[in-house]
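Comments concern the structure below.
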Amino acid sequence: IRTVCTQKRLLYLSYFNTFKCQGPSVLPTFAVKPEGIIEDRLSIRLGRPLERGGLYVLHSPRQPGAQICKRIIGLPGDIICVDPTGTYAPSTEHCIIPPGHVWIVGDNAAASIDSRTYGPVPIALVWSRVVARVSSSPTK
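Going by the working numbering, the first residue of the sequence shown is number 25, and it counts up by one from there.
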């Protein structure tokens, strides 16, 4: 029984982990201060399809070694409006997401560096799926 429990713990630690998500790009979903989340790595490793609208932790395409938390809004083959806000590109510009890529955005477009800036992101950079918020400190 001890071996089974140890193996389950290793599975949990390897594929379900906590991560601190922070920054203004994830407002209002998460606070600017670091908030703990539970991430699911197993479904990504097993090839579970990515979900449009889901929150994911990715390896940053701009900062090697850094991880980012963004929402996937476009899957391969989707036609995406590059920037509905018109800040980075005309709101009439569209892009077809190439095979093996996704389109990611922050929930707070005004403070987010995302696919509007660097284009479609390779699916290989997707690290885990956000499952839940661990805790949020009440403000006084």
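Just so it is clear, CB atoms sit at the ideal spot from N, CA and C, and this is done for glycine as well.
Remember, predicted model here, so these are calculated numbers, not experimental data.
Taking the Cα of R95 as reference, the smallest distance to any Cα among E59, V126, P146 and G110 is reached at V126.
DSSP, read as helix, strand or coil, puts S152 in strand. Rounded to whole angstroms, the separation of the alpha carbons of V150 and G110 is 27 Å. Excluding five sequence positions before and after L79, the CB atoms of its chain that fall closer than 6 Å to its own CB belong to R95 and V154, given in chain order.
When secondary structure is reduced to three states using DSSP, R140 falls in the helix class. Closest option to G130, judged by alpha-carbon separation, among P114, P73, I97 and H118: I97.
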